[in-house]
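Comments concern the structure below.
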Amino acid sequence: MSPTWEDPVKDRAMAARGPRPMVLLLSALLCLCLVQLAQGASFRQFVNNHVNEPKTAAPNNNAYCNRLMQQRGMTRPRCKLSNTFIHAPINQIRAICTNGGRRFRRNLFDSHMSFSLTVCRLVNRRRGRSCVYTGRSQTRRIRVGCVNQLPVHFERIL
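Below is the structure:
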């Protein structure tokens, strides 16, 4: 038996070609995972910033806004100018992105139903002072931005 001759140049070329598809596949999977994590984070941020069900008890809407804006981290490093809290179960809010809403444009959807809301608006803008808000309750339809059938952005009250 004679040993078979191997071409080292060809073998190196094959070795260089071999792992590339695997590297591309792993890179694609990593990108997909990162996109899904970012979307999940955006949904969690939306819930933190805009969903309060049941509505937290407070003596009045001003006290409610002052408490919630601080608890939810919207007073640091700067006072957020305004924010809307939705008082509804998350499944009703998520439904806006599917059968509970109508596409307005691109990824924006208008709710079919009206929601109980509290709108918080900043009263003072002085640096070094605590943020002071006024609050107003209303029941209205809303427009949200959706990604993968999840609300990730509160656009406006309709």
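Residue numbers (full-length UniProt numbering): 1 to 158. Cβ coordinates follow ideal geometry from the N, Cα and C atoms, glycine included.
(request) Say whether the stretch 88-105 touches the stretch 67-77, bearing in mind that this needs 3 or more beta-carbon pairs closer than 8 Å, one atom from each stretch. (result) no
(message) Taking 7 Å as the cut-off, is the C-beta of Ser137 nearer than that to any heavy atom in the ligand ATP?
(response) No copy of the ligand ATP appears in this structure; indeed no ligand is present at all.
(request) Let me know the secondary structure DSSP gives His50 once reduced to three states. (result) helix
(message) Considering just the uninterrupted stretch of the alpha helix (DSSP H) at Leu81, what are its terminal residues?
(response) Per DSSP, Leu81 belongs to no alpha helix (DSSP H) and is neither H nor E.
(message) Could you give the first and the last residue of the continuous beta strand (DSSP E) run that contains Gln138?
(response) Tyr133 to Arg140
(request) Would you mind sorting Thr118 into buried or exposed? The rule is 16 or more other CB atoms within 10 Å of its CB. (result) buried
(request) Grab me the residues of Ile96's own chain with a C-beta within less than 7 Å of its C-beta, minus the 5 sequence neighbours each way, in chain order. (result) Phe109, Ser111, Val144 and Pro151
(request) Note the first and the last residue of the continuous alpha helix (DSSP H) segment covering Leu158. (result) That residue, Leu158, is in no alpha helix (DSSP H); it is neither H nor E in DSSP.
(message) Let me check one thing: in DSSP terms, what residues is Phe109 bridge-paired to?
(response) Arg103 and Val144
(message) Just to confirm before moving on: does the CB-CB distance between Thr134 and Asn62 stay below 8 Å?
(response) yes
(message) Give me, in chain order, the residues of the same chain whose beta-carbon lies closer than 8 Å to that of Ala88; leave out the 5 immediate sequence neighbours on both sides.
(response) Val51, Glu53, Phe115 and Ser116
(request) Would you kindly work out how many angstroms separate the C-alpha atoms of Tyr80 and Met74, rounded to a whole number? (result) Contrary to the premise, residue 80 reads as Lys rather than Tyr in this sequence. So the alpha carbons of these two residues sit roughly 6 Å apart.
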